[in-house]
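Chemist:
Numbering (this note's numbering), first residue to last: 58 to 321.
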């Protein structure tokens, strides 16, 4: 019976992989084409977008950047559910788990927009110069680098790197249970990566090169054997770059486009 099910299980797994890959590629393609077609100010945190447009872009970014790293956990959930269906137990769609996972990142996007809009208001009222804005960005880079070296980062990364352990310790039955599991895994992913995404704001929130580097970094630290070491090396690099920008603000990619924001 196991042999008869093996091709079916393999087919299901390959289908999930293909769908995740297709969605991620479509998201990257859309982001690149949109970035090339739109004249967006990269030196402003909200990119001149309203809340709904910003959230839409944010969700597409999270799909593009997080699906590759989340794939092992998603596939582990699917494998367990396929086994349960094979034993005649209740089957729950993997996409409910994915939905719970994306709910976390959608909420994070709403918070990010609120923070970005508030920062723009403060900057406009204070007429912050390009140099000052760049140095504030440098502090964010230093903060992100320090977090990469922190115990909380290690804790969240350990949870993200061990899908089987997560399944064993966080399993919930039923459809709502799958959403709760996706939410819980999303919280650990957010705890692992949120300051890397915060670092994108001074680098340019739609800076495709920076996005690609962060995506590769997240994938490497979550899936490669030396992932913890990669996280620490990236932390040291962010610290050094942040210090360099404090000394030479012109090193920040958004500096050239930056300008003193006018008073209302």
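Even glycine gets a Cβ: it sits at the ideal position worked out from N, Cα and C.
Could you tell me which of 261, 109, 206 sits nearest to residue 190, measuring between CA atoms?
Modeler: Nearest option by C-alpha distance: 261.
Chemist: What first and last residue would you give for the alpha helix (DSSP H) that runs through residue 118?
Modeler: Per DSSP, residue 118 belongs to the alpha helix (DSSP H) from 108–143.
Chemist: Could you check if residue 65 is buried or exposed, using at least 16 other CB atoms within 10 Å of its CB as the buried criterion?
Modeler: Classification of residue 65: exposed, given that the 10 Å Cβ count is below 16.
Chemist: Can you tell me whether DSSP reads residue 237 as helix, strand or coil?
Modeler: Helix, per DSSP.
Chemist: Looking only at C-alpha atoms, which of 79, 258, 253 sits nearest to residue 293?
Modeler: Considering only alpha carbons, the answer is 253.
Chemist: Confirm, please, whether the CB-CB distance from residue 201 to residue 256 is below 8 Å.
Modeler: Yes, the Cβ-Cβ distance between residue 256 and residue 201 is below 8 Å.
Chemist: Can you grab the Cα-Cα spacing for the pair residue 81 / residue 120, in whole Å?
Modeler: Residue 81 and residue 120: Cα-Cα distance of roughly 6 Å.
Chemist: Taking the beta carbon of residue 283 as the centre, do at least 16 other beta carbons fall within 10 Å, making it buried, or is it exposed?
Modeler: Under this definition residue 283 is an exposed residue.
Chemist: Going by DSSP in three states, residue 263 sits in which element: helix, strand or coil?
Modeler: Residue 263 falls in the coil class under three-state DSSP.
Chemist: Restricting to Cα atoms, I'd like to know which of 77, 129, 105 is closest to residue 223.
Modeler: Nearest of 77, 129, 105 to residue 223, Cα basis: 129.
Chemist: For a test of the three-state rule: what should DSSP assign to residue 194, helix, strand or coil?
Modeler: Residue 194: helix per DSSP, three-state reduction.
Chemist: In this structure, how does DSSP classify residue 206 when only helix, strand and coil are distinguished?
Modeler: Looking at residue 206 - three-state DSSP - the assignment turns out to be coil, as it is neither helix nor strand.
Chemist: Can you grab the Cα-Cα spacing for the pair residue 104 / residue 264, in whole Å?
Modeler: About 11 Å.
Chemist: Report yes or no: do the region 204–215 and the region 106–124 share at least 3 C-beta pairs separated by less than 8 Å?
Modeler: Flag = no, the region 204–215 and the region 106–124 do not touch.
Chemist: By DSSP, does residue 312 sit in helix, in strand, or in coil?
Modeler: Looking at residue 312 - three-state DSSP - the assignment turns out to be coil, as it is neither helix nor strand.
Chemist: Which value, in whole angstroms, describes the spacing of the CA atoms of residue 114 and residue 312?
Modeler: Cα-Cα distance, rounded: 23 Å.
Chemist: Helix, strand or coil, according to DSSP, for residue 226 in the structure here?
Modeler: Helix at residue 226.
Chemist: Counting Cβ pairs closer than 8 Å, one from the region 230–245 and one from the region 144–156, do we hit at least three?
Modeler: Yes: at least three Cβ pairs fall under 8 Å.
Chemist: Within 10 Å of its beta-carbon, does residue 218 have 16 or more other beta-carbons around it, so buried, or fewer, so exposed?
Modeler: By the neighbour-count rule (16 or more Cβ atoms within 10 Å), residue 218 is buried.
Chemist: Here's the rule I'm using: 16 or more other beta-carbon atoms within 10 Å means buried, otherwise exposed. How should residue 228 be labelled?
Modeler: So residue 228 counts as exposed.
Chemist: If you count every other CB in all the chains shown that lies within 10 Å of the CB of residue 278, and 16 or more means buried, which is it?
Modeler: So residue 278 ends up on the buried side.
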